[in-house]
Amino acid sequence: MRMRLQAEPFDPGAESNSFLARAKGAGASVTFTGLVRSTPDDPVEELTLEHYPELAQRQLEKLASEAVARFGLIDADIIHRFGTLRPGEPIVQVMTLAPHRHSAFEGASFIMDTLKTDAPFWKKERRADGEDWVEARASDDEAAARWWD
Amino acid sequence: MKILYFAWLRERLDRDGDEIDVPDDVSTVAELMDFLAERDEGFALATQKRQSIRAAVDEELVEHSASIRGARTVALFPPMTGG
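Here the protein sequences line up with chains A and B, keeping their order.
Letter by letter, the first sequence follows residues 475 to 623 in this note's numbering.
Letter by letter, the second sequence follows residues 8 to 90 in this note's numbering.
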């Protein structure tokens, strides 16, 4: 498992390929990439991600280990950016490797759902009319909670 | 004890942390927040909605009822919005 927190952009395809190159005996891999969203109806100029480095590293390690144990993954990597990002840029990438597709999908889904509520990152969006902290959404809490029912 | 603030809590307090002596009778995160609110009106105002503040003690996410005894660092912050 490799966890990486970085300010620099990353190349989603290259990361996925190097992750796959480490695959030994796996039958399935899932790559999820989260991007900075900006739509014509709601244009975002810039996204700033604040984080708590020590806790973020720890939480990502914890979530990945939990996913590996719970879904029988062969491996799981997480890359998460911080700092200032532009629309369309990748924010996060989660990659899982498993014997079969269901565990690869579920593992990636579990990591993303729990990362949203339990990893110390905070988003601030800048629009033409100013800056605002993104509010936590109840739907994200529900998505994370379903794994513990 | 080192107290860290993040995101809008950091902005509203206009500082990213405090270094304070915590009295012996302040033993949980909730009691620490009461203590901080008593000595600083800005903190009291910013943390009026207690349920919207999350905490970590020595880099471990915890509930407000968690102990802070012997802790080096307590971080206080809004709900997380990563990913």
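Where is the CB? At the ideal position from N, CA and C, for every residue including glycine.
Within chain A, 590, 591, 592, 593, 594, 595, 596 and 610 have C-beta atoms less than 8 Å from the C-beta of residue 87 (chain B), given in sequence order. Here residue 15 (chain B) is near residue 85 (chain B), since their CB atoms are less than 8 Å apart.
Distance from the CA atom of residue 590 (chain A) to the CA atom of residue 11 (chain B), rounded to whole angstroms, is 21 Å. Beyond the five residues adjoining it in sequence on each side, residue 51 (chain B) comes within less than 7 Å, by CB distance, of 44 in the same chain, given in chain order. Taking 8 Å as the cut-off, the Cβ atoms of residue 553 (chain A) and residue 531 (chain A) do not count as close. At least one CB of chain A lies nearer than 8 Å to the CB of residue 68 (chain B). In the DSSP annotation of this structure, the continuous segment of the beta strand (DSSP E) that includes residue 550 (chain A) starts and ends at 549–555. Annotation: the continuous beta strand (DSSP E) that includes residue 504 (chain A) extends over 502–509. Only those residues of the stretch 9–39 of chain B whose C-beta falls short of 9 Å from the nearest C-beta of chain A are listed: 11, 13, 14, 15, 17 and 18.
Across the set A:605, A:587 and A:622, the C-alpha of A:587 shows the shortest separation from the C-alpha of residue 611 (chain A). In the structure shown, residue 608 (chain A) adopts coil according to DSSP, grouped into three states. With respect to chain B, the C-beta atom of residue 566 (chain A) has a partner C-beta closer than 8 Å. Residue pairing by DSSP places residue 24 (chain B) opposite B:11 in a beta bridge. With 16 or more other Cβ atoms inside 10 Å of its own Cβ, residue 597 (chain A) counts as buried. DSSP places residue 484 (chain A) in no alpha helix (DSSP H); its state is neither H nor E. Excluding sequence positions up to five before and after residue 595 (chain A), its CB lies within less than 6 Å of the CB of 523 and 525, all in the same chain and listed in chain order. Annotation: residue 594 (chain A) is outside any alpha helix (DSSP H) and is labelled neither H nor E by DSSP. Taking C-alpha positions only, residue 25 (chain B) is separated from residue 476 (chain A) by approximately 33 Å. The CB of residue 84 (chain B) comes closer than 8 Å to the CB of 526, 594 and 596 in chain A, given here in chain order. Contact between residue 83 (chain B) and residue 49 (chain B) does not hold, since the beta-carbon distance rounds to 13 Å and is not under 8 Å. Membership of residue 567 (chain A) in the beta strand (DSSP E) is indicated by the continuous run 564–572.
Look at the beta carbons and you see the stretch 497–509 of chain A not touching the stretch 59–69 of chain B: under three pairs across the two are nearer than 8 Å.
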